[in-house]
Amino acid sequence: MYFEDLGLRNAQLSFRQIEDNHIMENIIFNELKYRAFNVDVGVVLKRTIVNDKTERKYFEVDFVANLGRKNI
Numbered sequence: 003m004y005f006e007d008l009g010l011r012n013a014q015l016s017f018r019q020i021e022d023n024h025i026m027e028n029i030i031f032n033e034l035k036y037r038a039f040n041v042d043v044g045v046v047l048k049r050t051i052v053n054d055k056t057e058r059k060y061f062e063v064d065f066v067a068n069l070g071r072k073n074i
């Protein structure tokens with residue numbers, strides 16, 4: 003979940019989770035939304051075959067930003 007106001011985020015979390023990487027991720031999300039991007043978050047599945055067995059690995063994707071035909 004991302005917050006528009008980081009002060010409200012911090013207050014809701016009782017100022018327990020003040021980590022630079024979470025705050026920066028929230029700031030980037032807000033900037034993308036401000037610039038009118040549609041922002042998706044989620045997981046990417048990568049399938050590989052090793053020794054005739056399918057292995058699945060999941061990778062977190064912080065953002066996929068879409069604006070018209072532009073995907074970042």
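Numbering (the numbering used here), first residue to last: 3 to 74. All residues carry an ideal CB built from backbone N, CA and C; glycine is no exception. Here the structure is a predicted model, which means the values were calculated and not measured.
Anticipated Cβ contact below 8 angstroms, residue i with residue j, distance rounded
| i | j | result |
| --- | --- | --- |
| Val45 | Phe61 | 7 angstroms |
| Phe31 | Leu69 | Not confirmed; about 14 angstroms, so no contact. |
| Leu8 | Ile25 | 6 angstroms |
| Tyr4 | Asn23 | Not really, about 13 angstroms apart at Cβ, beyond 8 angstroms. |
Proximity of residue i and residue j at Cβ, strictly below 8 angstroms
| i | j | result |
| --- | --- | --- |
| Ala67 | Leu34 | yes |
| Lys48 | Lys55 | no |
Coarse secondary structure for residue i, derived from DSSP in three states
| i | result |
| --- | --- |
| Glu33 | helix |
**Message:** Runs of 3 residues minimum, wholly inside the stretch 24–69: which ones carry the beta strand (DSSP E) assignment?
**Reply:** DSSP runs (the beta strand (DSSP E)) wholly in the stretch 24–69: 40–52 and 55–69.
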